[in-house]
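Below: one structure, written as structure tokens.
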Amino acid sequence: MAPLRQLEQKLTRLRWYRWSVAAGGSLCALGIALLWSLLFLAALDISFQLPVSQRVVTIGIVAVVAAGLVWKRVAAGVSWPADQQTTALLVERNHRLDTDLVAALQFQASGLDARLGSPRLRQSVIERAAKLAESLDFFQGIGAGALPARATTLSLTLAATVGLALAFPAHAEVFWKRLALGSEHYPSRVQLDQVLVNGAVVLTRESPTFGPGPAKCAEGRPIELLVRCSGLRPVQGDLTVRSGGQEVQLPLPKLSPRDRLQRLRRAEEALRRDPPDLPAAAYLAKLDCAEAAELLQQEQPDTIAAATALAERLAQGETALDSDVDWYAAELPRHGADLRYDLRIGDAWTEEGRIEVLALPTIALHAVAMAPEYAGLGEVAMSQGARQLRVLEGSRVDLSIECLNHKPLESAWAMLMRDGETPQRVPLVMDGERWRLPAEGTPLWQVRERIQFSLHVLDEDGLELPTPITGQIQMRPDRPPSGSATVLHRVVLPQATPRLSIRAADDFGLRELRLRLLVEHPQQAIETAAPGVDAGNEPPATEPPASPSASGTSETLIPIRRFVDGENSPLPLELEHPLSLAPLQLAKGDRVKITLEIVDNQRRDPASDQPSQGNVFRADPLVLEVSDEAGVLAAVSETDEQSERKLNELIQQQLGIGDSE
Numbered sequence: 082m083a084p085l086r087q088l089e090q091k092l093t094r095l096r097w098y099r100w101s102v103a104a105g106g107s108l109c110a111l112g113i114a115l116l117w118s119l120l121f122l123a124a125l126d127i128s129f130q131l132p133v134s135q136r137v138v139t140i141g142i143v144a145v146v147a148a149g150l151v152w153k154r155v156a157a158g159v160s161w162p163a164d165q166q167t168t169a170l171l172v173e174r175n176h177r178l179d180t181d182l183v184a185a186l187q188f189q190a191s192g193l194d195a196r197l198g199s200p201r202l203r204q205s206v207i208e209r210a211a212k213l214a215e216s217l218d219f220f221q222g223i224g225a226g227a228l229p230a231r232a233t234t235l236s237l238t239l240a241a242t243v244g245l246a247l248a249f250p251a252h253a254e255v256f257w258k259r260l261a262l263g264s265e266h267y268p269s270r271v272q273l274d275q276v277l278v279n280g281a282v283v284l285t286r287e288s289p290t291f292g293p294g295p296a297k298c299a300e301g302r303p304i305e306l307l308v309r310c311s312g313l314r315p316v317q318g319d320l321t322v323r324s325g326g327q328e329v330q331l332p333l334p335k336l337s338p339r340d341r342l343q344r345l346r347r348a349e350e351a352l353r354r355d356p357p358d359l360p361a362a363a364y365l366a367k368l369d370c371a372e373a374a375e376l377l378q379q380e381q382p383d384t385i386a387a388a389t390a391l392a393e394r395l396a397q398g399e400t401a402l403d404s405d406v407d408w409y410a411a412e413l414p415r416h417g418a419d420l421r422y423d424l425r426i427g428d429a430w431t432e433e434g435r436i437e438v439l440a441l442p443t444i445a446l447h448a449v450a451m452a453p454e455y456a457g458l459g460e461v462a463m464s465q466g467a468r469q470l471r472v473l474e475g476s477r478v479d480l481s482i483e484c485l486n487h488k489p490l491e492s493a494w495a496m497l498m499r500d501g502e503t504p505q506r507v508p509l510v511m512d513g514e515r516w517r518l519p520a521e522g523t524p525l526w527q528v529r530e531r532i533q534f535s536l537h538v539l540d541e542d543g544l545e546l547p548t549p550i551t552g553q554i555q556m557r558p559d560r561p562p563s564g565s566a567t568v569l570h571r572v573v574l575p576q577a578t579p580r581l582s583i584r585a586a587d588d589f590g591l592r593e594l595r596l597r598l599l600v601e602h603p604q605q606a607i608e609t610a611a612p613g614v615d616a617g618n619e620p621p622a623t624e625p626p627a628s629p630s631a632s633g634t635s636e637t638l639i640p641i642r643r644f645v646d647g648e649n650s651p652l653p654l655e656l657e658h659p660l661s662l663a664p665l666q667l668a669k670g671d672r673v674k675i676t677l678e679i680v681d682n683q684r685r686d687p688a689s690d691q692p693s694q695g696n697v698f699r700a701d702p703l704v705l706e707v708s709d710e711a712g713v714l715a716a717v718s719e720t721d722e723q724s725e726r727k728l729n730e731l732i733q734q735q736l737g738i739g740d741s742e
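So my numbering is basically just the index in the sequence shown, starting at one, shifted up by 81.
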């Protein structure tokens with residue numbers, strides 16, 4: 082069957098040619114659809130700045146429509162080429178031949194099958210077809226179809242696409258990234274240099290995306306949004322704020338030069354406060370005096386240099402402001418829930434940003450006063466919600482705070498202020514669920530005067546209390562003891578034992594009662610004992626011996642009663658004490674000045690193990706005149722006469738005698 086080899090080869094070439102033309106046309110149609118789809122998407126995206134969700138939907142719709150338009154053509158082009166008999170029929174139709182070519186192919190394929198007729202007839206048909214194949218132009222009437230037109234259209238579309246990409250490379254680059262669902266923005270005449278939320282930078286021109294970074298703010302506090310723009314700068318922008326299901330449109334006006342200078346003046350005023358408000362000053366100066374803001378935000382703030390920079394900038398006035406940039410400002414409504422926002426200024430806009438509204442730490446103050454042990458008061462706690470505590474002098478005060486909403490705290494500290502002194506900063510230490518102020522080494526270890534305090538905290542989100550917890554500790558002084566001593570007769574014998582009526586009182590307790598005796602010898606100086614005097618002639622000393630002095634006086638200290646620690650005596654204390662004058666070796670004419678000394682139980686240092694010295698009260702002294710029996714009787718008689726006279730005067734006043742006179 083070799084005679085039909087040439088026929089088969091020509092038919093095979095024709096088959097593949099027709100398939101190539103169809104496939105090329107289909108691929109051109111696919112390329113045209115793809116390029117036109119890209120151009121349509123680019124025009125739509127550049128015009129309307131489609132968000133990601135809309136881009137996904139638009140890309141899907143365009144892809145479906147384009148696929149539907151080219152599907153049939155693409156499917157026809159990529160299908161397997163037609164078989165040889167179908168191709169032979171096409172050649173016969175183009176050359177208006179009988180079916181010799183098809184019959185020859187069929188006879189050759191059937192072999193020696195007798196059912197197809199005489200072998201000589203089949204052989205004759207095959208030979209005639211082979212001769213015919215040598216002279217026929219198999220490609221007669223076979224054209225390129227739609228391939229040239231589609232190729233031309235594809236070339237023009239591709240050239241236009243490449244030309245646009247070369248003319249607007251930035252737009253082309255952004256379009257490819259946005260086609261991959263990126264958040265890049267097309268170049269705009271308005272340049273967004275910075276976006277700040279409460280002073281924190283959330284977006285810059287160098288940011289990899291155009292979505293503001295997350296910001297945090299405290300609930301209930303105002304939120305200020307600032308935008309720094311260059312290039313074309315319109316008068317106002319638009320701000321959209323969303324919370325829950327609500328959406329609010331807010332204006333974003335441009336700050337005038339006067340407004341910007343006013344912020345610098347407010348920053349200068351914040352530095353002049355006592356103490357300076359460094360965070361507020363740095364925040365206000367950040368817009369137009371960045372060097373001052375940096376100086377104030379250092380670990381060791383340089384307030385002098387910052388104040389100098391602000392003063393110089395204000396002295397220059399509006400000329401000191403950067404005329405190539407403008408600031409836009411808006412205050413967001415206060416919310417207790419998270420916020421979402423986006424802004425648009427001219428043809429520049431941002432993706433949606435998020436502001437997380439954080440709960441402030443809720444702090445409860447606990448204060449416990451430990452009174453000195455001698456007072457027996459134990460612990461005294463400050464009532465809930467109170468900010469003042471009155472404690473006994475010398476008490477130790479323990480301050481602690483507790484976060485009621487269980488928000489972790491990074492640090493806590495107290496500022497302790499005494500009248501006329503510099504405030505002392507004392508860090509609090511964590512103790513379980515509370516932060517405690519270590520009292521040792523601070524004025525709270527022993528309260529000796531009024532102390533004002535303020536408590537500050539910093540939580541894990543960097544938030545502080547809206548206002549520090551302030552209060553004061555008032556000192557209640559431990560009053561000194563008081564008392565008196567009286568005696569019935571002021572003229573006594575040298576060997577007498579007068580009875581003293583003693584009354585003693587104190588706030589919390591007594592330590593000791595004693596008498597201080599000062600003996601005056603007006604007649605003679607006190608003689609020292611001469612050598613050789615028989616000690617047996619001296620009277621027995623039942624009281625401490627007197628201490629003589631060269632001036633004719635001697636002093637003696639006589640204890641009455643000493644109270645041990647923990648002994649509780651009813652106050653005021655009243656008692657009778659017999660005072661023996663015999664050991665004093667008195668003589669007629671001597672005078673004895675008796676002073677009652679009362680020592681209370683106050684301990685100056687509660688942590689000390691040393692005995693308490695206490696406060697000493699000295700009552701008005703009693704003066705006893707030493708005389709003989711005649712002198713004592715005369716004094717008693719005089720006392721009786723005075724008593725009788727006073728009694729008669731009292732009776733007459735009661736009866737009204739002598740009123741008429």
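The beta carbon of each residue, even a glycine, is placed where N, CA and C say it ideally should be.
By the criterion of a C-beta distance shorter than 6 Å, LEU284 is surrounded in its chain by VAL276 and PRO293, once the five residues flanking it on both sides are discounted. The three-state reading of DSSP puts PRO659 in strand, counting E and B together.
Between LEU116 and LEU239, the C-beta spacing is below 8 Å.
Assignment of CYS109 by DSSP, reduced to helix, strand and coil, places it in the helix class. In this structure ALA114 touches LEU150 by the C-beta definition: roughly 6 Å separates them, less than 8 Å. Taking a cut-off of 8 Å on C-beta distances, the region 559–571 does not touch the region 539–550, as fewer than three cross pairs fall below it. Excluding sequence positions up to five before and after GLU514, its CB lies within less than 7 Å of the CB of GLU483, all in the same chain and listed in chain order. Bridge pairing for ASP540: LEU490 [DSSP].
Three or more Cβ pairs closer than 8 Å define a contact, and the region 244–255 falls short of that threshold against the region 403–420. In this chain, GLY244 is not harboured by any beta strand (DSSP E); it is covered by the alpha helix (DSSP H) spanning 228–248. Annotation: the continuous alpha helix (DSSP H) that includes LEU391 extends over 384–397. Boundaries of the beta strand (DSSP E) around GLN327: 327–334.
Ranked by Cα distance from GLU380, the options GLN397, LEU359 and ALA388 are led by LEU359. The three-state reading of DSSP puts THR676 in strand, counting E and B together. When only Cα atoms are considered, VAL449 and GLY475 end up about 14 Å apart. If you draw a straight line from the Cα of ILE583 to the Cα of PRO653, it comes to about 10 Å. Counting the other CB atoms within 10 Å of its CB gives ARG309 a total of 16 or more, which places it among the buried residues. For ALA445, the uninterrupted beta strand (DSSP E) run begins and ends at 444–451, by DSSP. As summarised for the region 554–612, the continuous beta strand (DSSP E) elements at least 3 residues long and confined to that stretch are 563–568, 580–586 and 591–601, given in chain order. DSSP, read as helix, strand or coil, puts GLN135 in helix. A straight line joining the alpha-carbon of GLN553 with that of PHE534 spans about 6 Å.
When the beta-carbon positions are compared, SER481 and LEU539 stay at least 8 Å from each other. DSSP places ASP340 in the uninterrupted alpha helix (DSSP H) bounded by 338–353.
Taking 8 Å as the cut-off, the beta carbon of GLY427 is found closer than this to the beta carbon of ARG270.
GLY106 counts as buried, since no fewer than 16 other beta carbons sit within 10 angstroms of its beta carbon. LEU420: member of the beta strand (DSSP E) spanning 420–426, first to last residue. For ALA296, the CB contacts under 8 Å within the same chain, skipping 5 residues up- and downstream, are VAL278, ASN279, ALA281, VAL283, GLY434, ARG435, ILE436 and GLU437 in chain order. According to the DSSP assignment, TYR409 belongs to the beta strand (DSSP E) that extends over 406–413. The residues ARG344, ARG347 and ALA348, in chain order, have a CB closer than 6 Å to that of LEU365 in the same chain once the five nearest residues on each side in sequence are set aside. Bridge partners of ARG642 according to DSSP: LEU594. In summary, VAL478 is buried, with 16 or more beta-carbon neighbours lying within 10 Å of its beta-carbon over all protein chains present.
PRO289 sits in coil when the DSSP states are folded into three classes, being neither helix nor strand. A contact is defined here as three or more CB-CB pairs under 8 Å, and the region 670–681 meets this definition with respect to the region 583–599.
In this chain, the beta strand (DSSP E) harbouring LEU473 covers 469–473. Between the alpha carbons of ALA362 and LEU402 lies a distance of about 18 Å.
Within the same chain, ILE482, ALA493 and LEU509 come within 6 Å of TRP516 by CB-CB distance, once the 5 residues on both sides are set aside.
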